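Residue numbers (mature numbering (1 follows the signal peptide of the UniProt record, and there is no 0)): -34 to -1, 1 to 318.
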């Protein structure tokens, strides 16, 4: 006699086993996607950068004083010879931009730092110049499950003032600070991505979202890449720049206590040698900041917190739907929190 119930039960058991084995096979065949590296994340969101260039006057160096480069463009880490060495024929103006990536469970914070050996002027009255120049931008990217996340906001550094921006369609709005404009995007000829667009003025190199600053006459358009190119002339509209990790071994953060490069924690060392100030009002010394020295003295975030505690700055500058995490899962600045707080309290104010 055939037990039809037992036969049916065996059939269901066999079917369930086949389905289970298929699920295991699918799981093995489609492993979880690896997390994006910080370097790849930085390259994805690195800005297309419009640099205005002035070629007039002896301090312009035929436009080279407005080219972005490395802090060791002259082969050393001595901050007090950069004004002088910028005029030498054997130095490199290959384009580099420094970056850092901080992480929380909810957001990535990407800081980009643009260095020039000279902050200069060709005006003889009531304007100063100085050795070294450091301005930049913070991008806040929401970790929304996609590979690179979604850009929600930006804060730029223009001398002693910060300016805040949101992309079109961002869910973020103004908080304690009014949103100053819109971050626009542009395609790159060197990769498939739409990048945010920033710009710096000539001479003083304040940085804002494009087109609040723009090229007027001569200028360089820099594109993020893995190679560093040198502009072929002062009106080169396609120059690739290479990213340099601020936290790399022996890198900019590792040099923070180097007295040849920094006069104070977060303030570059600079003097008045090499003709700085000649024909102008004056040359100021120790007047450029690294990201951990950036400060808008009129705002609540403390000196350097745009780079060292960007989650705090974001909650001050913007209204964020659903809030954001204030706990960092990656923040190398945290090891020097006490020293940074002391520098914020005691370091001489600097207007870059």
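Built from N, CA and C at the ideal position, the CB exists for glycine as well. None of the values given here were measured: they were computed from a predicted structure.
Scanning the stretch 3 to 89 from its first residue to its last, the whole alpha helix (DSSP H) runs of 4-plus residues come out as 4 to 11, 48 to 51. The straight-line gap separating the alpha-carbon atoms of residue 203 and residue 180 is approximately 13 Å.
Put simply, the backbone Cα of residue 318 is about 8 Å away from that of residue 101. For residue 222, there is no enclosing beta strand (DSSP E), as DSSP gives it neither H nor E. Counting along the chain, the unbroken beta strand (DSSP E) around residue 295 starts and ends at 294 to 296. Beta-carbon to beta-carbon, residue 316 and residue 259 are separated by about 7 Å, close enough to satisfy the 8 Å threshold.
Per DSSP, the continuous alpha helix (DSSP H) segment holding residue 281 begins and ends at 276 to 283. Around the beta carbon of residue 311, fewer than 16 other beta carbons lie within 10 angstroms, which makes this residue exposed. In terms of CA proximity to residue 170, 99 leads the group 148, 159, 213, 99. For residue 135, the closest of 125, 127, 150, 128 by C-alpha to C-alpha distance is 150. For the pair residue 276 and residue 72, the Cα-to-Cα distance works out to about 13 Å. The residue among 299, 121, 175 with its C-alpha nearest the C-alpha of residue 214 is 299.
According to DSSP, residue 201 shares a beta bridge with no other residue. Given a length threshold of 3 residues, each whole run of the beta strand (DSSP E) inside the stretch 90 to 126 is given here in chain order: 94 to 108, 116 to 124. The DSSP-derived three-state label of residue 209 is strand.
Taking the CA atoms as reference points, residue 141 sits about 17 Å from residue 107. For residue 173, there is no enclosing alpha helix (DSSP H); the residue is found in the beta strand (DSSP E) stretching over 173 to 175. In its chain, beyond the 5 residues on either side, 8, 78, 209 have a beta carbon closer than 6 Å to the beta carbon of residue 65. Between residue 60 and residue 194, the CB-CB gap stays under 8 Å.
Bounds of the beta strand (DSSP E) holding residue 165 are 160 to 166.
Excluding residues up to 5 positions away in sequence, 88 lie with their Cβ nearer than 7 Å to the Cβ of residue 22 in the same chain.
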